[in-house]
Amino acid sequence: MAKFYALILGASSGFGKAISKALAEDGVNIIGVHLDRASTKEDVDNLVSFIKSKNVSANFFNVNAADSSKRIEVINSIEDLFSKDKDSPTIRILVHSLAFGTLKHFISDNPGDSLTDKQIEMTLNVMANSLVYWTQDIISKKLMTKGGKIYAMTSSGGSRQIKYYGAVSAAKACLESYVRQLAMELGSQGISANALRAGVTETPALLKIPNSKNIIENALQRNPEKRLTRPEDIADFIVDNYKRDSHWFTGNVINLDGGESVVEL
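Residue numbering for the sequence shown is 53 to 317, as defined by this note's numbering.
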């Protein structure tokens, strides 16, 4: 039987942190990629300790996941790790949960307040393009094989617009398109790819959005359970899904929001 690993991009906070903890509790070894300053090092150390307490391994890399040279370094480290593991190691799960983009208008009376080409390109590269690059590497190196599951975190911003969210919205729409393409190209290998559209969730990324308070209040009114989505809701779904051998469930954008998206006020 293969030894399962999860490669979590954005492992140290929000969805990535919850998914890392839940999978560790289910016996999955965690490879975490994150970008943290010294001020949050203690939080990362606590997460690593939690994972190891579940009798699984925790290999964390504090690097920019969108930096191609750093990505190659991590991939090489995973290859080295797997070469020393005699228990048929495989990346069963790839989670893309990178939330770093520029929040500005496309058009502004003051040109200095408008998105620049570099800001748009950076946002798309981090929040969308990086999914393709990491997937290319783990597939070409045969680190993920038949039965592998790819999950990419998206949001309603992939199909709806809010102020300041233009670049991130474009990245989410792009990410969803990449998921469909990966599902098509990897289907013959028995590897699935799906985008997970969480409901409004109080994460550090959400709180950076101007007017996030109104977004939260609106979600609370619309959600049938009158609560926000929690990172653990997404983690629970992945834990329930990753062990299934069927790869027929692929190419989807899955709403995980307690019914929030189907309710109009």
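Every residue, glycine too, gets a C-beta built ideally from N, C-alpha and C.
Treat the numbers as computed from the prediction; the structure is a model and nothing was measured.
Hey, how far is the Cα of residue i from the Cα of residue j?
i: K55; j: Q188; result: 21 Å
i: L75; j: I214; result: 33 Å
i: V315; j: S192; result: 43 Å
i: R144; j: N266; result: 38 Å
i: F152; j: S182; result: 12 Å
i: A225; j: P276; result: 26 Å
i: L167; j: S221; result: 13 Å
i: N270; j: V147; result: 28 Å
i: L99; j: V108; result: 13 Å
i: D336; j: M179; result: Only positions 53 to 317 of the chain appear in this structure, which leaves residue 336 out of reach.
i: K69; j: S240; result: 31 Å
i: L238; j: G164; result: 43 Å
i: A204; j: I261; result: 20 Å
i: T255; j: F67; result: 8 Å
i: R249; j: T142; result: 26 Å
i: V85; j: I60; result: 6 Å
Does the beta-carbon of residue i have 16 or more other beta-carbons within 10 angstroms, so that it is buried, or is it exposed?
i: I159; result: exposed
i: P283; result: buried
i: L259; result: exposed
i: W186; result: buried
i: E94; result: exposed
i: E312; result: buried
i: K138; result: exposed
What is the DSSP secondary structure of residue i, reduced to helix, strand or coil?
i: S101; result: helix
i: L155; result: coil
i: S192; result: helix
i: A180; result: helix
i: N304; result: coil
i: S65; result: coil
i: V147; result: strand
i: S211; result: coil
i: T197; result: coil
i: A118; result: coil
i: T92; result: helix
Starting from residue i and walking both ways along the beta strand (DSSP E), at which residues does that stretch end?
i: M53; result: Per DSSP, M53 belongs to no beta strand (DSSP E) and is neither H nor E.
i: Y203; result: K201 to T206
i: L87; result: Run containing L87: none; DSSP gives neither H nor E here.
i: S244; result: S244 to A250
i: A110; result: A110 to N114
Between which two residues does the alpha helix (DSSP H) carrying residue i extend?
i: N24; result: The structure shown does not extend to residue 24, since the chain is modelled only from 53 to 317, so the question has no answer here.
i: V291; result: P283 to N293
i: P256; result: P256 to L259
i: G218; result: G218 to L238
Roughly how far, in whole angstroms, is the beta-carbon of residue i from the beta-carbon of residue j, given that I think they are within contact range, below 8 Å?
i: S149; j: G62; result: 4 Å
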